[in-house]
Amino acid sequence: MIASLQLDLSLTVSESGFLAVLAALVVLAWRLKTPAVWPLAALALLAVFNAFFTVDFFELRWIDSHLFGIPIDILKNGSYVMLLALGMTLVIATGGVDLSVGAVMAISGAAAAVLIKEHEAPFILVLAIPIAIALAAGLWNGLLVSIFKIQPLVATLVLMVAGRGVAMLITEGFRPTITRQYYAYDEFVYIGNGFLFKLPFAVTIVAVMFAITALLTRKTALGMFVESVGDNDTASRYAGVNARVVKLMVYTFTGLCAGVAGLIYTSNIRTGDPSKTGLYLELDAIMAVVIGGTALTGGRFSLLGSVAGALLIQALTTTMLIHGLSSDQALVPKALVVVTVCLLQAPEFHRKIRRLLPAGKRRAA
Amino acid sequence: MKLRIDSKYIPLMASALVLVGLYVAGCAAFADRNFVSLGVIAKLFSENAFLGIAAIGATFVILSGGIDLSVGSVVAFTSILIATLCFDPALDPRQVGEVAQLLPADWLPMHPLAAIAIAVTLGTLFGTAMGCLIHFFKLPAFLVTLGGMFLARGLAFMIRIESLSIKHPFYAETITNRLNWTPIDGVQIPLIVFCFLGLFAIALYMAHFRRFGRNVYAIGGSEESANLMGLPVAKTRILVFTFAGFCSSLAGVAYTFYMAKGDSAGAGVGLELDAIAAVVIGGTLLSGGVGFLAGTLIGVLIFALIQSLINFQGTLSAWWTRIIVGVLVLVFILLQNFVTAASRAQQKE
Amino acid sequence: MNAKTPKLLLEMRGVSKSFPGVQALADVDFTLRAGEVHALMGENGAGKSTLIKVLTGVYPRDEGAIRLEGRPVHPRSTKHAESLGISTVYQEINLIPHLSVAENIRLGRQPTTFGTLRWGQIKRRAREAMGRLGIDIDVMREVSSYSIAIQQMVAIARALDTNAQLLVLDEPTSSLDEHEVAQLFDVVRRLRDGGLGIVFITHFLDQVYEISDRITVLQNGQLVGEYLTADLPRIELIARMIGKDTSEVEAMEHRPRQAEAAATGEPLVRTESLGRRGSVGPIDITISPGEVVGLAGLLGSGRTEIARLLFGIDKPDAGKITVGGAEEAIHSPQKAIALGFAFTPEDRRDAGIIPNLSVRENIVLALQASRGAWRTIGRKAQREMADRFIAALNIRTPSPEQLVKNLSGGNQQKVLLARWLATEPKLLILDEPTRGIDVGAKAEIEKLMASLREEGMAILFISSELEEVVRDSQRVFVMRDREQIGQLTGEQITEPAIMHMIAKHKETGDDDCVIAIGPVPDGL
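Line by line, the protein sequences are chains A, B and U. Going by my numbering, the letters in the first sequence line up with residues 1 to 365, in that order. Going by my numbering, the letters in the second sequence line up with residues 1001 to 1349, in that order. Going by my numbering, the letters in the third sequence line up with residues 2001 to 2524, in that order.
As structure tokens, then:
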């Protein structure tokens, strides 16, 4: 199951390079006092482990003037969770949760595949229609939560149950593959497989979405409203914040993120697969957000932390894959990590630990 | 004389109506194709017995105000564990999974009953562990059981990635000889249905005739009040999740008899959602405190009927089931919200 | 009424309890006799709930002795207290709504045979329990299908079903209408006559005089005194509760007041017969620019409810609100804010501050919300605003980025005030702005009110501290038991006047219940 680990103490140039960069990021995060410091530190630790125990982990190669390598794979494969985590961060910050993001990814991917294969649609429609559907799904969730006042867990569960059925409906049960002969093939495949500035295009998409989200939340008052509503819903309403609209917006935005992620995934595997697309990714997204420092109860959020958390999860998974675990077996460490992190964050846990400490230590604590 | 109906019965009555309506519709639409037959009804039960078993555990969890997302994964874990333990390495040494390699050679193959006992015990303890985490550290149930879902599925994969058929003679015998009861020609009622109905009866008894059951309702209705009343909240909650773990692993056992194999990847995928859907459609409030086991039975039957109708229809794809179930869940949730709001308004008068 | 042959049921002597930073109870005595209804009264923070929690085992006491029928007891938990014979019925009905009446009464203690519940017995015993209260209802129906009054009876029946000798009723009448209160009191009298000792916590004056045999008054964690209801004139009770001596009250000088003549000009806000069923009403008040209107009354008299109606948090069932001459339907805080209203709630912690946001963010929140999300107030402008208010209101904080939850109560209140002042409101509604803050901060806030008034703001000032209301208001509306009972303007506003207004007996117009101790003061 787990291949024996071989220690290799020499550091190659690229290994040193990566370690140095990560160390710098950790120090920067520490100085800026952002919660992202924790996942970044964990990433750095993981990098150290890989530098010594995993052969060629940090090797980068140039092929066709594009950059390849394991770190690049991590960035690319982690793009889905990074995108989902962006929306999930805002939803969790308002005190809610969205379990339907995986299903929405499936719907969006299915729509794109069918548009290309069955309808020979122009690229612009292949982009626009799945996104529109995803936005509608997000809006649907938002309406259920803010207007009908249904618990977020329950409201998004509905789409989680029905969503893949809708995706199946769109593909009529098939898994439409997209091959060269179809009209929008080149442009579409570029999304998941193309390169921009030497890096996979997916990374650029994530960067752009991150920028948009950051601008929306920090350059407008939306970020403050989201934190306010999540921290104290009543007081926010008394202060005149329109909590309903805020919640509506964050769920819709999450739908958008899931839609984009679905497009990238479908482009990557060149298939619209209603049952596999986005499967179990909602937990990864929630995990990334929690690791990144946003509390499940809502309030202050950190986009940077969530993205770092998503990268950490992807790096962990990749490391485990290389060392012989299958991606499904990797679920075990992931689950343990999630429960541990939540436990560490839980105030009840702190209370119990404090009670165990001897009285002297307790007073200092 | 005005007939006063407690508001909590309304969703249950609605479910019953839906069930009857669906059945009548089916009879009307497919009368020519033998829809109206005992065989069909028997099939409804037999094909969904293992969903039913899982849903019984889920009902108690939801009644107590929680939720359990780990059901399907525990089914998978149980099934592959049993399959691996029953495996005879002498038959095909290559097939043995890594975990089985760790066990002393003469332990395998185990008698299925021993394997079942081990698997069910593990599944039950798994539930206990989740219940403890949820209660003592006040972690949200959805998160702990979501983690549990991943953990159980991952452990199943660690036991063995591919599925494994069970060729142990005990299974073969039971399945062919002792399993089916055929009262009338063409009507097969497998043992599993009796298990389900038996469990249902026990659960019914526990819910309505034991303090434990009433405490479950109390905690779901108002945990604060339950605490103030001095009810054993911790014990009850942990017991609820323990029982759910037991039901999930029992469903896994049912799966092995049904499919004669253990499957870490394919077993129970989405089962937790189906179970929750059955419970909700059966009239139990997702917030807890209100609901009926009878409702869950109705919910399971509705689920089964929808699938059956789609089968009979022939042209609609099977995933319509998911969509219809999702829609029904939504409708019932909205109904529940509406009824709760209405009864609160009525109280003010 | 057995005032003569009391069997001493409960004796609490010298009980003290403190929490970090606050002495909740200091050397308090309390006795209860069998077959008596003993009212426990006091304004907010007086220590009533702490005393009860010590009695029922929620908190351990620091000092003092508790004796039940002569035996010393140390209740460790509510369950333990119950086993000792002390039962409590809380203000929020602690029943399980969707279970039947019978179940609620016997939950956790159901009779069983080898673990199986015996429903026949459960039903029978429940009916017996309700019968002891003189009530005959279908015990198998859901408890939530009955009115609050009946639910209360069920809660009482449950509490008594454990062979209780002592029953604590914590604010049992808050949600009941007149008729239901009468029903409850019938039951209480019946129980009392049966030998039960009942502690009755309430702030409704009329009810205290109607049902109780003796009254104990607490103030600021200390015992003010224990009295026979029949021998205590209302005016004296009120005086005790706010911590004054009756002689003090009579001899009170006309204290120097800020107020001059009431403001002239069109009222900014006027309400006509404004009311909400089960909450408060009918209310007729006016507030004009440049004046401070005080709402005076004891705890629970309905003042916060008026504020909530004005600010759009609750919707009225009756009456109307006119703002600047035009009738307005205020259905949300946003609408109220758009009309120029501002509101600092009583419950600072749950409804006021956003604890994990910084001082700066808390201050700019309302203003930002009124501008929407897109027209942001730039970081620099926010910083300037925060600095300005921190200086102006003397908010003690290490920096504007400090999280508000780390500030002291007084400074949190100032942050809230700053938030609303930033919106430049026309009407500022202050609900208990000086509660729980130190003397220095209190004075600052009062001074601030005065200067805002001079600049032309209209202020609605709700406070339980009479001297504040008297000192700072130009006009005072007096509330009692959820109704408006009077108005005082200018020279009329004095503490004795307000107290007498509250004390006036509903039917007879007397100040006193049965016997007057001294001469009724002149001029009223």
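Glycine is no exception: its CB is placed at the ideal position from the N, C-alpha and C atoms. This one's a predicted model, so the numbers in the text were calculated from it and none came from an experiment.
Query	Result
Ignore the nearest five residues each way along the sequence and tell me which others in residue 2316 of chain U's own chain have a CB closer than 7 Å to its CB.	2274, 2275, 2276, 2309
State whether the stretch 183-198 of chain A contacts the stretch 1294-1312 of chain B, with contact taken as three or more CB pairs (one from each stretch) at a distance under 8 Å.	no
At 7 Å on the CB atoms, spell out the chain B contacts of residue 2171 of chain U, in chain order.	Neighbours of residue 2171 of chain U on chain B: none; closest Cβ ~15 Å, over 7 Å.
Looking at chain U, is there any beta carbon in it that lies within less than 7 Å of the beta carbon of residue 1209 of chain B?	yes
Using a Cβ-Cβ distance under 7 Å, would residue 2117 of chain U count as near chain B?	yes
How should residue 84 of chain A be labelled, buried or exposed, when 16 other C-beta atoms within 10 angstroms of its C-beta is the threshold for buried?	buried
Hey, residue 2333 of chain U and residue 2319 of chain U: beta-carbon distance below 7 Å or not?	no
Specify, as a first and last residue, the run of the alpha helix (DSSP H) that residue 2310 of chain U falls within.	2303-2310
Compute the distance between the beta-carbons of residue 306 of chain A and residue 34 of chain A, then report whether it is under 7 Å.	no
Taking DSSP as the reference, what is the three-state secondary structure of residue 2046 of chain U?	coil
For chain A, is any of its Cβ atoms less than 7 Å away from the one on residue 1146 of chain B?	yes
With 8 Å as the limit, tell me which residues of the stretch 226-237 of chain A have their beta carbon closer than that to any beta carbon of chain U; keep them in chain order.	227, 228, 231, 232, 234, 235, 236, 237
Spell out the partners DSSP gives residue 2227 of chain U in its beta bridges.	U:2215
Please list the terminal residues of the continuous beta strand (DSSP E) segment that includes residue 62 of chain A.	60-63
Out of A:250, A:224, A:289, which one is the CA nearest neighbour of residue 241 of chain A?	A:224
Compare the Cα-Cα distances from residue 2108 of chain U to each of B:1231, B:1080, B:1042 and report the closest residue.	B:1231
Assign residue 337 of chain A to buried or exposed, taking buried as 16 or more other Cβ atoms, counted over all protein chains shown, within 10 Å of its Cβ.	buried
For a contact defined as C-beta to C-beta under 7 Å, what are the partners of residue 150 of chain A on chain B?	1333, 1337
From U:2110, U:2479, U:2028, pick the residue whose C-alpha is nearest to that of residue 2301 of chain U; which is it?	U:2479
Kindly say whether residue 1012 of chain B, judged by its beta-carbon, lies nearer than 7 Å to any beta-carbon of chain E.	Any reference to chain E falls outside this structure, whose protein chains are A, B and U.
For the beta strand (DSSP E) containing residue 2169 of chain U, name the first residue and the last one.	2166-2170
State the DSSP-derived secondary structure class of residue 2058 of chain U, mapped to helix, strand or coil.	coil
Which same chain residues end up closer than 7 Å to residue 2227 of chain U when comparing Cβ atoms and leaving out the 5 residues on each side of it in sequence?	2214, 2215
Closer than 7 Å, CB to CB, is residue 1326 of chain B near chain A or not?	yes
For residue 1329 of chain B, which residues in chain A fall below 9 Å Cβ to Cβ?	154, 157, 158, 161, 162
Using 10 angstroms around the beta-carbon of residue 2086 of chain U, count the other beta-carbons present and answer buried if the total reaches 16, otherwise exposed.	buried
Would you mind telling me which residues of chain U sit closer than 9 Å to residue 300 of chain A, beta carbon to beta carbon, in chain order?	2356, 2357
Hey, does residue 1323 of chain B have any beta-carbon neighbour from chain A nearer than 7 Å?	yes
Cβ closer than 9 Å: which chain A residues qualify as neighbours of residue 2016 of chain U?	The contacting residues do not exist; residue 2016 of chain U stays about 23 Å from chain A at best.
What span of residues does the alpha helix (DSSP H) with residue 2075 of chain U cover, start to end?	Premise fails: residue 2075 of chain U is in no alpha helix (DSSP H) and is neither H nor E.
If you measure between the beta carbons of residue 2104 of chain U and residue 2143 of chain U, is that distance less than 7 Å?	yes
Alpha carbon to alpha carbon, what distance is there between residue 132 of chain A and residue 1054 of chain B?	37 Å
Residues in the same chain with beta-carbon distance under 8 Å from residue 2212 of chain U, minus the five sequence neighbours each way, listed in chain order, please.	2037, 2038, 2039, 2200, 2229
Can we say the stretch 1239-1247 of chain B touches the stretch 1049-1063 of chain B, given the rule of at least three CB pairs closer than 8 Å?	yes
So which residues on chain A does residue 2419 of chain U lean against when the C-beta distance must stay under 9 Å?	239
Would you identify the three-state DSSP class for residue 349 of chain A, choosing helix, strand or coil?	helix
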